[in-house]
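Step one of this worksheet: look at the structure below.
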Amino acid sequence: MNGSIQLEGVVRRFGKREVLRAVTARAEPGKVIGLLGRNGEGKSTLFKILLDMLAADAGRISIGGMSPDGSGRIRQKVGYMPERPEFHGFMTIEEAFALRGRFFEKWDRRRASELAKRLELDVRAPVAGASKGMLGKAAMICALAHNPEILLLDEPTSGLDPIVRDGVLGEIIRELHGSGKTIVVSNHRMEEMGGLIDEVWVLAGGRIVATHEVERLRTEACRLVARAKNGAYPATGLRVVELSNDGPLSEWAAFDSDSADRFSKAWGIEAIEREPLPLETSLKLLLKEADAAASEETEAHHA
Amino acid sequence: MLEIAKLQFRKNRLPFVGMAATLVASVPFGAAVALLSGHPGRFGVDSMLYFWSFIGLPLIAVLLGSSAGAANANDPLRSAEEILPVSDGRAAFASAGTSALQALLLGALFLGLAFVVSAQWRESLVLVVPPSESWLRAIEAPIMRPMFWLCVGGIPLFAISSFAAAWTVRNGVAGGFLGMVAIGAMVLSLAAGLAMQLFYAYRAPFGASLIGVLFAASASTLWALGRAARWLGRREAMGWRRWAALAAAFAFGPACSALALGRSWTRVNAGISFAHLSDSEQTVLPSRPAHFSLSPEAARRVELSGAVMRGFDGGIVFVRPDGSRKPLAAAAGRTALATVLEGPAEMRDHAIWDAYGKLWISRAMPGRDGKGLVAELWRGDLESGLRHQKPLPNYWSNQMIRVGEAIGSFGWTENRYEFVRFDETGRAVAKTNYDYASAGLMLDEWFRQGYAGTVSADRASFSATLPDGTRRKWRLPGEARVDDASERERVAVRAFGRSFFAIEVADAHGEAFLALLDFDGGVRSVWRGERSAWPLQEATARGGLYSIRDGTVFAMSPEGDFLPKTPIRAVAEAVAAPGSVRPAPHRLLRVERDRLWFLLSSGRLIALRAGDGAVLSDAKLPESAMFAAMNRDYERRPLFLEERAWKAVESGLFWHTGRRLYFVEWGGAVRDLGGA
Chain F
352 MNGSIQLEGV VRRFGKREVL RAVTARAEPG KVIGLLGRNG EGKSTLFKIL LDMLAADAGR
412 ISIGGMSPDG SGRIRQKVGY MPERPEFHGF MTIEEAFALR GRFFEKWDRR RASELAKRLE
472 LDVRAPVAGA SKGMLGKAAM ICALAHNPEI LLLDEPTSGL DPIVRDGVLG EIIRELHGSG
532 KTIVVSNHRM EEMGGLIDEV WVLAGGRIVA THEVERLRTE ACRLVARAKN GAYPATGLRV
592 VELSNDGPLS EWAAFDSDSA DRFSKAWGIE AIEREPLPLE TSLKLLLKEA DAAASEETEA
652 HHA
Chain X
-9 MLEIAKLQFR KNRLPFVGMA ATLVASVPFG AAVALLSGHP GRFGVDSMLY FWSFIGLPLI
51 AVLLGSSAGA ANANDPLRSA EEILPVSDGR AAFASAGTSA LQALLLGALF LGLAFVVSAQ
111 WRESLVLVVP PSESWLRAIE APIMRPMFWL CVGGIPLFAI SSFAAAWTVR NGVAGGFLGM
171 VAIGAMVLSL AAGLAMQLFY AYRAPFGASL IGVLFAASAS TLWALGRAAR WLGRREAMGW
231 RRWAALAAAF AFGPACSALA LGRSWTRVNA GISFAHLSDS EQTVLPSRPA HFSLSPEAAR
291 RVELSGAVMR GFDGGIVFVR PDGSRKPLAA AAGRTALATV LEGPAEMRDH AIWDAYGKLW
351 ISRAMPGRDG KGLVAELWRG DLESGLRHQK PLPNYWSNQM IRVGEAIGSF GWTENRYEFV
411 RFDETGRAVA KTNYDYASAG LMLDEWFRQG YAGTVSADRA SFSATLPDGT RRKWRLPGEA
471 RVDDASERER VAVRAFGRSF FAIEVADAHG EAFLALLDFD GGVRSVWRGE RSAWPLQEAT
531 ARGGLYSIRD GTVFAMSPEG DFLPKTPIRA VAEAVAAPGS VRPAPHRLLR VERDRLWFLL
591 SSGRLIALRA GDGAVLSDAK LPESAMFAAM NRDYERRPLF LEERAWKAVE SGLFWHTGRR
651 LYFVEWGGAV RDLGGA
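Here the protein sequences come in this chain order: F and X. With my numbering, the residue at position 64 of the first sequence is 415, and numbering never jumps. With my numbering, the residue at position 333 of the second sequence is 323, and numbering never jumps.
Laid out in structure tokens, this is it:
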């Protein structure tokens, strides 16, 4: 099983707007990658490029040992759950499964039934009248039922009520344990996935501006309360994010110990307090890091 | 792809069923509307069927294709299907093909329904029926049938092209419009080309072009669909070159059809024809008083030795009965593209041989600057070929004519006719205007050349200046019966024959007969009675004269011998085409002392014995597609006997079928001279 994903200098433009700018990343087989980024940063675009639904304007891509070539063969190996699942409105959910069964070589009808039962999904329901939750479950089943080597999940819990979300998440968790699949999941609430993912890719300004091993986040991310002697704080080069600035003191988050140490020892800084940051909080704060990185990118671009 | 096709079938199910139901329901609906408005129900039914035949079927195909194309290219269907492990190209081809198949199924439904329901429809568009007496039906068939069968045959292209266009622009209405326009233009062009083939089957072959265009259009449309699916499906960077390639691919089929039509037009307008004047007289003048056939021997000799022909490329060539060809002028005329862009321009050539064996041709051909037709004078001979001499006034009726030994151009200008006589170099030496064509022209020239004379006031004698300048007078054996239409104060009698004049006289009892006045002074009286047969108007190639009155031929050989009157009606009826309700039209080609040769509209060459009209020989000429079309669909008209389709010479008849040239000896033996 070859579940690796490699991206090298991938570029994608829509008109004059460069959505992905030289995206480079690598996911080893069996890894679970969390893809973090603001709306419109290109997460779905990246997924579609990996799925051979969109062509990259430049760069090299390898997924499951295959390169996208327009044939669609890649999709035999990849399970995809889109942010907004679509099915043919004139079908029932069961018929939609049957349709997929005719195209995906490894489609497992029994597995699909089992998943439907587990997720309490009525497959006889027509697609046209199905709720968002039902469609979400159906999309999950479609992503899993053909036993793909790689899973791409684009906001799998987006728009779902808590009960359905828990059900979907639970299924994801079950899928992860011991499966050896490579999974890339984009989720605004990465904290929901905290215990599951191995690595986080932060996508900002069209690039992957940071990658964090979750285990390292868990052990090294910390909160700093600092005071600047002359009112100035270091801006670039450190993986720190300002949390608040209240008078003489400011609050920062650092995502690794090296950044925390360098920040503490930076000129004019007096670190008063340092305490570990919970993983959930770290994951929440990664978006801020993404914003900061994006701003730097923009300034550098204009300069 | 089969699964995609099944999926597409299901997606199109509702419009497909709806269209089928509409198609079927339209028949009783049409009948009901007709009845309610006081007409027979079958009128409404036929109207609906003709609507579907020419508009509805293509529209069905366009709607099925464009709606499927747009739906497949846009959400939500695109999102629902793009996850499937199938390339965009395969998905597009399968879906487009399914739309085309559904359209074909509806077409088949319609054909079955129409065939059963309406006799009018099936006879007008489908069945091969016996020649019709209806002139309108005869005209309709070559136009309607090609249009109909092209509409039916074009259903897949309508559907696929509309699918491809709608897929590309992501819009069903725009895509359908583009598809309808592109393929509709192509169908119209092809139908026009086919109709032209049927109307002018002897000079506008179109079958290969039709197949080629359909193949090119199909290939280019499919290529465009495949490229569009590949490039746009994955939203690759397009650039102007790719958009231009797609547009060119969509336009390729219609462009090819236009060029093919232009090529046919070009061929029609160049047209293979015998670029000559018939026989040895002026032609195409409004009246034909040429009841003498006086031609210089040199002209007659070369003219009867072969045929001057213009080929499809506009070049002029001289063909001999043994098939040898001598090129005289290079190809001319328009390219297909020029014909499409600037419109058809008919080429017309008139060729005659002068008294010195020189060939003169007035050519009306597309101007070198592309502006309309220009007339040019070309002159030459068999050894050196033709050379452009000078431009001529661009008369529509301008043509070269030979009047005895005079050569000139004759045409209509400024509300009168004008004859311009040339010298041997083509320089205009005299210009004469006439209010009426031919009569005054003939008299002036015949008098000038010594081939006409005047009757005395008492009508008892005739005086003339012979060609050698000798002045002679004859005493007539009766009272001259002169042409009351003459403008001369003293009426001149038209002369004919090589060494004699002929003048109609009446004896004391009022009986008419012909007096032949030899140049040496002798007088012969011939041919008593048969007043109605005079004057002999026509002339054969060798100079024989004849007229046909009430199914009887009155003829004189070139040597001046009168043949016994010969009945031909029974013969013409006996050799008429099968199913004909009238005698076949006919044309006398050759007169000898005891026999007459006729060309019949049924494509036969028969020889009759003078007097009793017994058939001495009956030869079937090689089949001509145009002849077949005329006999099948047209009331018989002697159009095909126009002299551009054949030429009689000394030893036989040149005959062309539009694609091949033949020589038919007077005894009936046929020789294939090769491609036309």
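Backbone N, C-alpha and C define an ideal beta-carbon position, used for all residues, glycine too. Because the structure is a prediction, the values reported are computed rather than measured.
CA-CA distance, residue 414 (chain F) to residue 72 (chain X), rounds to 18 Å. Here residue 346 (chain X) carries a coil assignment [DSSP, helix/strand/coil]. Rounded to whole angstroms, the Cβ separation of residue 47 (chain X) and residue 163 (chain X) is 20 Å, and the two are not in contact under 8 Å. If you look at residue 508 (chain X), you'll find it in the beta strand (DSSP E) that goes 502 to 508. Sequence-ordered contacts of the region 388 to 416 of chain F with chain X read 402, 403, 404, 405, 406 and 408 [C-beta pairs closer than 8 Å]. Taking the beta carbon of residue 77 (chain X) as reference, the chain F residues within 8 Å of it are 421, 422 and 423, listed in sequence order.
Fully enclosed beta strand (DSSP E) runs of no fewer than 3 residues occupy 573 to 579, 591 to 597, 600 to 605 and 620 to 627 of the region 566 to 649 of chain F, in order along the chain. Contact check for residue 156 (chain X) and residue 79 (chain X): beta-carbon distance about 16 Å, past the 8 Å limit, so the pair fails to qualify.
Distance from residue 663 (chain X) to residue 393 (chain X) at the Cβ level is roughly 32 Å; contact not present, criterion being Cβ atoms closer than 8 Å.
Its chain contains 595, 607 and 609 as the residues whose beta carbon lies nearer than 7 Å to that of residue 658 (chain X), once the 5 sequence neighbours on both sides are disregarded; these appear in chain order. Residues of chain X whose Cβ lies closer than 8 Å to the Cβ of residue 426 (chain F) are, in chain order, 73, 74 and 75. Beta-carbon to beta-carbon, residue 44 (chain X) and residue 89 (chain X) are separated by about 21 Å, too far to satisfy the 8 Å threshold.
In the structure shown, residue 428 (chain F) falls within a helical segment according to DSSP collapsed to helix, strand and coil.
Beta-bridge annotation (DSSP): residue 445 (chain X) is paired with X:452. Below the 8 Å Cβ cutoff, chain F contributes 437 as neighbours of residue 65 (chain X), in chain order. Take the alpha-carbon of residue 655 (chain X) and the one of residue 36 (chain X): they are about 51 Å apart. By the 16-neighbour rule on beta-carbons within 10 angstroms, residue 346 (chain X) is exposed.
Rounded to whole angstroms, the gap between the alpha carbons of residue 612 (chain F) and residue 626 (chain F) is 12 Å. Inside the region -1 to 60 of chain X, DSSP marks whole alpha helix (DSSP H) runs of 4 or more residues at positions 3 to 26 and 31 to 41, from first to last along the chain. Residue contact with chain F for residue 239 (chain X): absent (no Cβ-Cβ distance below 8 Å to any residue of chain F). Sorting F:408, F:404 and F:430 by C-alpha distance to the C-alpha of residue 69 (chain X) places F:404 at the top. When the alpha-carbon of residue 556 (chain X) is set against those of X:214, X:591 and X:604, the nearest one is in X:604. When the Cα atoms are used, residue 409 (chain X) and residue 611 (chain X) turn out to be separated by approximately 39 Å.
Judged by their CB atoms, residue 515 (chain F) and residue 637 (chain F) are not nearer to each other than the 8 Å cut-off. In this structure, the CA atom of residue 650 (chain X) is about 20 Å from the CA atom of residue 183 (chain X). Closest in C-alpha terms to residue 198 (chain X), from the list X:396, X:247 and X:300, comes X:247.
Here the C-alpha atom of residue 483 (chain F) lies approximately 48 Å from the C-alpha atom of residue 176 (chain X). Assigned with DSSP and collapsed to three states, residue 597 (chain X) falls in strand.
The three-state secondary structure of residue 607 (chain X), taken from DSSP, is strand. For residue 220 (chain X), the three-state secondary structure derived from DSSP is helix.
Rounded to the nearest angstrom, the gap between the Cα atoms of residue 226 (chain X) and residue 406 (chain F) is 6 Å. For residue 449 (chain X), same chain residues with a beta-carbon under 6 Å away, outside a window of 5 residues either side, are 469 and 470 in chain order. Taking a cut-off of 8 Å on C-beta distances, the region 534 to 551 of chain F does not touch the region 480 to 494 of chain F, as fewer than three cross pairs fall below it.
In the DSSP assignment, residue 145 (chain X) falls within the alpha helix (DSSP H) that extends over 145 to 159. Between residue 181 (chain X) and residue 228 (chain X), the C-beta gap is not smaller than 8 Å, which leaves the two residues out of contact. Around the C-beta of residue 468 (chain F), fewer than 16 other C-beta atoms lie within 10 Å, and the residue is accordingly described as exposed.
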